[in-house]
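*Asks:* Residue numbers (the working numbering), protein chains in the order written: chain A, 135 to 384; chain B, 135 to 384; chain C, 2 to 293; chain D, 2 to 293.
Mind having a look at this structure? Questions to follow.
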Amino acid sequence: MSTAALSAAEAQTVTAARRLARARSVFIGVGRPSTAAILARALYNPRLVLVYESGTIGAKPFHIPLSIGDGELAHTSDLIVSVPEMFNYWITPGRIDVGCLGAAQVDRFANLNSTVIGDYARPKTRLPGAGGAPEIAAGCGEVVVIVAHDRRTLVQRLDFVTTVGHGDGAGARERLGFRGAGPTAVITELGVLEPDPQTRELRLTSVHHGVEVGDAVAATGWELRVAEHVEVIEPPSVDELAALRELSSR
Amino acid sequence: MSTAALSAAEAQTVTAARRLARARSVFIGVGRPSTAAILARALYNPRLVLVYESGTIGAKPFHIPLSIGDGELAHTSDLIVSVPEMFNYWITPGRIDVGCLGAAQVDRFANLNSTVIGDYARPKTRLPGAGGAPEIAAGCGEVVVIVAHDRRTLVQRLDFVTTVGHGDGAGARERLGFRGAGPTAVITELGVLEPDPQTRELRLTSVHHGVEVGDAVAATGWELRVAEHVEVIEPPSVDELAALRELSSR
Amino acid sequence: MRGGARIRRLFGGRACVLIANMAEIVPLREAVAELVRDGDAVALEGFTHLIPFAAGHELIRQGRSELELIRMTPDILYDQLIGVGACRRLVFSYGGNPGVGSLHRFRDAIENGWPRAIEIEEHSHAGMANRYAAGAAHLPCGLLRGYRGTDLVAHTRVAFIQCPFTGEELAVVPALAPDVTVIHAQEADRDGNVQLWGIPGVQKEAVLAADRVLVTVERIVDRIEPRPGGVLIPGWVIDAVALAPGGSQPSYSLDITERDNDFYMRWDAISRDRDAFTSWIDTHVRGKTAVA
Amino acid sequence: MRGGARIRRLFGGRACVLIANMAEIVPLREAVAELVRDGDAVALEGFTHLIPFAAGHELIRQGRSELELIRMTPDILYDQLIGVGACRRLVFSYGGNPGVGSLHRFRDAIENGWPRAIEIEEHSHAGMANRYAAGAAHLPCGLLRGYRGTDLVAHTRVAFIQCPFTGEELAVVPALAPDVTVIHAQEADRDGNVQLWGIPGVQKEAVLAADRVLVTVERIVDRIEPRPGGVLIPGWVIDAVALAPGGSQPSYSLDITERDNDFYMRWDAISRDRDAFTSWIDTHVRGKTAVA
Numbered sequence: 135m136s137t138a139a140l141s142a143a144e145a146q147t148v149t150a151a152r153r154l155a156r157a158r159s160v161f162i163g164v165g166r167p168s169t170a171a172i173l174a175r176a177l178y179n180p181r182l183v184l185v186y187e188s189g190t191i192g193a194k195p196f197h198i199p200l201s202i203g204d205g206e207l208a209h210t211s212d213l214i215v216s217v218p219e220m221f222n223y224w225i226t227p228g229r230i231d232v233g234c235l236g237a238a239q240v241d242r243f244a245n246l247n248s249t250v251i252g253d254y255a256r257p258k259t260r261l262p263g264a265g266g267a268p269e270i271a272a273g274c275g276e277v278v279v280i281v282a283h284d285r286r287t288l289v290q291r292l293d294f295v296t297t298v299g300h301g302d303g304a305g306a307r308e309r310l311g312f313r314g315a316g317p318t319a320v321i322t323e324l325g326v327l328e329p330d331p332q333t334r335e336l337r338l339t340s341v342h343h344g345v346e347v348g349d350a351v352a353a354t355g356w357e358l359r360v361a362e363h364v365e366v367i368e369p370p371s372v373d374e375l376a377a378l379r380e381l382s383s384r
Numbered sequence: 135m136s137t138a139a140l141s142a143a144e145a146q147t148v149t150a151a152r153r154l155a156r157a158r159s160v161f162i163g164v165g166r167p168s169t170a171a172i173l174a175r176a177l178y179n180p181r182l183v184l185v186y187e188s189g190t191i192g193a194k195p196f197h198i199p200l201s202i203g204d205g206e207l208a209h210t211s212d213l214i215v216s217v218p219e220m221f222n223y224w225i226t227p228g229r230i231d232v233g234c235l236g237a238a239q240v241d242r243f244a245n246l247n248s249t250v251i252g253d254y255a256r257p258k259t260r261l262p263g264a265g266g267a268p269e270i271a272a273g274c275g276e277v278v279v280i281v282a283h284d285r286r287t288l289v290q291r292l293d294f295v296t297t298v299g300h301g302d303g304a305g306a307r308e309r310l311g312f313r314g315a316g317p318t319a320v321i322t323e324l325g326v327l328e329p330d331p332q333t334r335e336l337r338l339t340s341v342h343h344g345v346e347v348g349d350a351v352a353a354t355g356w357e358l359r360v361a362e363h364v365e366v367i368e369p370p371s372v373d374e375l376a377a378l379r380e381l382s383s384r
Numbered sequence: 002m003r004g005g006a007r008i009r010r011l012f013g014g015r016a017c018v019l020i021a022n023m024a025e026i027v028p029l030r031e032a033v034a035e036l037v038r039d040g041d042a043v044a045l046e047g048f049t050h051l052i053p054f055a056a057g058h059e060l061i062r063q064g065r066s067e068l069e070l071i072r073m074t075p076d077i078l079y080d081q082l083i084g085v086g087a088c089r090r091l092v093f094s095y096g097g098n099p100g101v102g103s104l105h106r107f108r109d110a111i112e113n114g115w116p117r118a119i120e121i122e123e124h125s126h127a128g129m130a131n132r133y134a135a136g137a138a139h140l141p142c143g144l145l146r147g148y149r150g151t152d153l154v155a156h157t158r159v160a161f162i163q164c165p166f167t168g169e170e171l172a173v174v175p176a177l178a179p180d181v182t183v184i185h186a187q188e189a190d191r192d193g194n195v196q197l198w199g200i201p202g203v204q205k206e207a208v209l210a211a212d213r214v215l216v217t218v219e220r221i222v223d224r225i226e227p228r229p230g231g232v233l234i235p236g237w238v239i240d241a242v243a244l245a246p247g248g249s250q251p252s253y254s255l256d257i258t259e260r261d262n263d264f265y266m267r268w269d270a271i272s273r274d275r276d277a278f279t280s281w282i283d284t285h286v287r288g289k290t291a292v293a
Numbered sequence: 002m003r004g005g006a007r008i009r010r011l012f013g014g015r016a017c018v019l020i021a022n023m024a025e026i027v028p029l030r031e032a033v034a035e036l037v038r039d040g041d042a043v044a045l046e047g048f049t050h051l052i053p054f055a056a057g058h059e060l061i062r063q064g065r066s067e068l069e070l071i072r073m074t075p076d077i078l079y080d081q082l083i084g085v086g087a088c089r090r091l092v093f094s095y096g097g098n099p100g101v102g103s104l105h106r107f108r109d110a111i112e113n114g115w116p117r118a119i120e121i122e123e124h125s126h127a128g129m130a131n132r133y134a135a136g137a138a139h140l141p142c143g144l145l146r147g148y149r150g151t152d153l154v155a156h157t158r159v160a161f162i163q164c165p166f167t168g169e170e171l172a173v174v175p176a177l178a179p180d181v182t183v184i185h186a187q188e189a190d191r192d193g194n195v196q197l198w199g200i201p202g203v204q205k206e207a208v209l210a211a212d213r214v215l216v217t218v219e220r221i222v223d224r225i226e227p228r229p230g231g232v233l234i235p236g237w238v239i240d241a242v243a244l245a246p247g248g249s250q251p252s253y254s255l256d257i258t259e260r261d262n263d264f265y266m267r268w269d270a271i272s273r274d275r276d277a278f279t280s281w282i283d284t285h286v287r288g289k290t291a292v293a
């Protein structure tokens, strides 16, 4: 095991993995969500069903995949379905417990932008676009958002609403007819933001070990509300960190 | 080979088989249509793709199947699809050249009843119902109807319109947005009825060898129009009859 | 939410199982007792192939009543359920004995109300298939080109909408959402993952459309080896798996049992007469016990 | 009408072939020349797996222009086609380099109009998948639960209808009907029947939705042995099959080639710079000839 100091990214990934300790199934893209899910399966939840957008259900990758369609996912999955089947029969009907999503921008109601920075017709930065996110966020049992914690990402106002989290607050999802609970956590490298049960506005509910509440507030692009009791997240244990580093080194 | 006299049913089946000599694909139920299609494949058209409602595409049965889902159809087909895929991706889009249908009643515009004899709510005879017929008749390139020739079957007025053939005549299919040409032949054990190109009303265009035009007219429940030149259908050749009887004896 | 969580509640089991990504493997009698209730809307699917006769017979033995029976092709199995009076309402698209002729108990119920009158709702195959597909997607309805010009329109549940892009009129059918779907498959593993192959019919859709799911299987295997044409259904969308070797006879399970075409032909005579039918049921269904 | 009849017309061949239930097997160059025209709406599909790079490169070599390019995930292949200016309009749902980051040619075209401005129409994956499925069914539109509440609604082609049975508002997307669909598969037989396995993506739908179909394959076999998870596409819905071993690289063909993840990472640097990109295309695409 590497003896390097714990990085903020590692704390973020382990926190996300713990969140999946009791899920039955998780829908993941590549990057940290995928690493977190593979880690959760290895450490806490051997029966966790990993579902990738490419159609692989129940994948058991040994390596962290570069793409959502790597051959290893196909070879190790319980079943592989077509893209229409994936969305129509598995995601939209709410069969997947947790959907993990990233985004370029997140607002205070956990709505997401992955389409464009700047004006749609004359963009400053053209981002990849929606992919599966809108229907994943609408359909999955709950959504965990994994993003960087800075004022460029956590913004006052999205340039484009690609994916509805809690819309304009309490009741918005119900009015739109969405099935799942929506975003239940935004996990950053500083801590965790969770929606207020009443208003659905994100509040800082915990910080990683060594992070000050004020740092998290300062790195947020809106006036971030803070829970009455902000918990300090248990730092990754020796075993968790060893497992994560070993996984990343494969 | 049996030396029994040619039966009317045999003449009917061979006539239907000949009709499939140039088709690329045929959609068939069990009974005479299935026998005709297997015969056509054996005699004239080895590449004929047999499609059964059960989902088997390109079946090559050695025996005449009792049901549309016999194991032999599954074992010999090029591919097997689910029922939703069969209707949505193969039949309705018009990928099948010829659809063969039977019915309890046929009217002068080749509309079909396979639902009920008598009143719907208090039926004299409850028939099996629509099955795939309405969408097969709407979607296939053309439809060949194979029925008994008697006044109980070829009726003035259907008790129930299960399947639209030519509706109320010229233009009806176009108004309903149907793709295929609709019924191009009603093949009976007395001869063949084909729609008039202008009016779409069925006319007697040919009779089997030894059948009088007057017999066919008398056995029809409406005032059957007769083509100017009624052809006499070439009787089954020795080879055709031998093949049919050999097939039936398997 | 199906699979683990529900089955623990229904069948008891270990005290604290938060994660239970599998179907429970239970005896057929117990599975039917727990999963199917009087008055339920029940789909026993299987298109000619893999018809779940063993489970249907167990419904008869347990005396389930007032069922809404859903099935594209009622076949002999629903003829039997109708004949014993278990059916209140039938939803279907083709009620014949394939290759043979009429289903006499189905006809007797509709024509003469014996042993009781039944309500019917009938569709085309395309309509039923799209109703199941909409159910599997948890959509309220499905879209297809169909029904237009037929008398079905006046006698069933179908509506029409205009395509917002082309103006074409299209049929809309309501989704099917059975309380329980029962299917038969060739095999399951010990976690209740299921594989069937051969003609797949509409079974996957019927499973995914239902609130509760029972799968009977020819055999339990240690590990499922995916097959060409295999349809894999994970245990976590299934409530219970029950072992029922031969459980699709007189229908068949490809590569394991053969379709009993003779029985399909003999059924015509058995079912034509009310007394002969009842006597057959008493001897061959009520007089036997569930396999396994 | 596809397969035989068309291909005889397009490629000549025997004088009087009324029945031709098969796809023609032709060299890739010839297939692209005959089947794809300037201005066509072209879908080259393959979801991460089986992306038809060889055929796309042949489009570049033959200088096809003014194309409407349709693809759920533009990936490196469409980055290349956009970068050489072959694309007039792009229809897509996710324009990134999977696991790496931006598609720089895609961004440069949209942000700066280099080498030309392109029109875009973007959807969600669920929307695109249902657009292809509607196309495969030859329906004018498809129905799904989606798009509601997003800014996509104001920027793309989607409408909403009420379910006639429940009143729920549902999204309706227009069907996709490409002039040409191109896919890559592991194998074909000599009649042009095709089998692919592994991640199937939306290829079957894209094939069935198109007016003309080209399939490139890793190998031609005497007889297709159906595989677990195999998707079989009969030759009579395909116009041409072209042999192109390695034709999905740097994507992959499961069990035959491996995904070249290094190249996906290297593409970031190559594509970031206009000159580096052009030079790469000149050397690695224009400077080569089609396989087979």
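A virtual CB, placed ideally from N, CA and C, is assigned to each residue, including glycine.
Within 9 Å of any Cβ in chain G, is that where the Cβ of Tyr79/D sits?
*Replies:* Note that chain G does not occur in the displayed structure, where the protein chains are A, B, C and D.
*Asks:* Got a sec: is the Cβ-Cβ distance from Met135/B to anything in chain D below 9 Å?
*Replies:* Because the pLDDT of Met135/B is 46, which lies under 50, any placement of that residue in the model is unreliable, and the number read from its coordinates should be weighed accordingly. So no, Met135/B is outside the interface.
*Asks:* Return the chain-ordered list of same chain residues with a C-beta closer than 8 Å to the C-beta of Cys17/D, the five sequence neighbours on each side being excluded.
*Replies:* At Cys17/D, the pLDDT of 32 sits below 50, so the modelled position is not reliable; the number obtained from the coordinates is stated separately. For Cys17/D, where only same-chain residues beyond five positions count, there are no Cβ hits under 8 Å.
*Asks:* In chain order, which continuous runs of the alpha helix (DSSP H) of length 4 or greater are located wholly inside the segment 236-289 of chain C?
*Replies:* Entirely contained in the segment 236-289 of chain C, the alpha helix (DSSP H) runs reaching 4 residues are, in chain order, 262-273 and 275-282.
*Asks:* Is Phe12/C helix, strand or coil by DSSP?
*Replies:* Its pLDDT being 48, under 50, Phe12/C is placed unreliably by the model, and nothing is read from it.
*Asks:* Whether or not the segment 235-254 of chain D and the segment 158-177 of chain D are in contact is what I'm after, with contact meaning three or more pairs of Cβ atoms, one per stretch, closer than 8 Å; do they touch?
*Replies:* Cβ pair count under 8 Å is below three, so no.
*Asks:* If we require 3 or more residues per run, which beta strand (DSSP E) segments fall completely within the segment 190-264 of chain A?
*Replies:* Runs of the beta strand (DSSP E) inside the segment 190-264 of chain A: 190-193, 232-235, 250-252 and 257-260.
*Asks:* Using a Cβ-Cβ cutoff of 8 Å, what residues of the segment 222-235 of chain B are near chain D? List them in chain order.
*Replies:* Residues passing the 8 Å Cβ filter: Asn222, Tyr223, Thr226, Pro227, Gly228 and Arg229.
*Asks:* Bridge partners of Gly143/D, per DSSP?
*Replies:* DSSP output for Gly143/D lists Val174/D as bridge partner(s).
*Asks:* Relative to the C-alpha of Lys289/C, which candidate in Leu51/C, His50/C, Phe48/C and Ile61/C has its C-alpha closest?
*Replies:* Checking every option, the nearest Cα to that of Lys289/C belongs to Ile61/C.
*Asks:* For Ala208/A, decide whether its Cβ has a neighbour in chain C, counting only Cβ atoms nearer than 9 Å.
*Replies:* Answer no: the Cβ-Cβ gap between Ala208/A and chain C never drops below 9 Å.
*Asks:* From Ala241/D to Leu182/A, what distance separates their C-alpha atoms?
*Replies:* Their backbone Cα atoms lie some 43 Å apart in a straight line.
*Asks:* Within 10 angstroms of its Cβ, does Ala161/B collect 16 or more other Cβ (buried), or is it exposed?
*Replies:* The sequence shown places Phe at residue 161/B, rather than the Ala named in the question. Result: buried.
*Asks:* Quick one: which residues of the segment 237-257 of chain D get their C-beta closer than 7 Å to a C-beta of chain B? List them in chain order.
*Replies:* Residues Trp237 and Val238.
*Asks:* Examine the Cβ distances between the segment 155-167 of chain C and the segment 199-214 of chain C and report whether three or more of them are shorter than 8 Å.
*Replies:* Touching, no.
*Asks:* Nearest to Ile239/D by alpha carbon, out of Gly147/D, Asp180/D and Arg65/D?
*Replies:* Selected option, being the one with the closest Cα: Asp180/D.
*Asks:* Consult DSSP for Ala87/C and reduce its assignment to one of helix, strand or coil.
*Replies:* Note: Ala87/C maps to coil in three-state DSSP.
*Asks:* Distance, Cα to Cα, Asp284/B vs Ala304/B?
*Replies:* Each residue's alpha carbon lies about 25 Å from the other.
*Asks:* Please return the same chain residues whose Cβ sits closer than 7 Å to the Cβ of Ala315/B, not counting the five positions on each side in sequence.
*Replies:* Contacts found: Gly275 and Glu276.
*Asks:* Could you give the distance in angstroms between the alpha-carbon of Val27/D and the alpha-carbon of Pro227/B?
*Replies:* Going by the C-alpha atoms only, they are around 27 Å apart.
*Asks:* Please report the Cβ distance between Ile225/A and Ile200/D, rounded to the nearest whole angstrom; I am assuming they are in contact, meaning their Cβ atoms lie under 8 Å.
*Replies:* Between Ile200/D and Ile225/A the Cβ distance is about 16 Å, and since that is not below 8 Å, they are no contact.
*Asks:* What are the boundary residues of the alpha helix (DSSP H) that includes Thr169/A?
*Replies:* Start and end: Arg166 to Leu177.
*Asks:* Can you list the residues of chain A that Leu209/C reaches, using a CB-CB cut of under 9 Å?
*Replies:* Those within 9 Å of Leu209/C in chain A are Tyr223, Trp224, Pro227 and Arg229.
*Asks:* Can you name the residues of chain B whose CB is closer than 7 Å to the CB of Val203/C?
*Replies:* Neighbours of Val203/C on chain B, chain order: Ser216, Val217 and Pro218.
*Asks:* Identify the residues that DSSP records as bridge partners of Asp190/C: which are they?
*Replies:* In the DSSP output, where bridge partners are listed per residue, Asp190/C has Val222/C.
*Asks:* If we ignore side chains and look at the alpha-carbon of each, how far apart do Tyr186/A and Ser383/B end up?
*Replies:* Each residue's alpha carbon lies about 53 Å from the other.
*Asks:* Counting only Cβ pairs nearer than 8 Å, list the residues of chain B close to Leu233/D.
*Replies:* Correct list: Asp212 and Leu213.
*Asks:* Flag this pair as yes or no: are the beta carbons of Ile184/D and Glu46/D separated by less than 9 Å?
*Replies:* Taking 9 Å as the Cβ cut-off, Ile184/D and Glu46/D qualify as a contacting pair.
*Asks:* Do we get a CB-CB distance below 9 Å when we pair Pro99/D with the residues of chain A?
*Replies:* With 9 Å as the cut-off, Pro99/D counts as an interface residue toward chain A.
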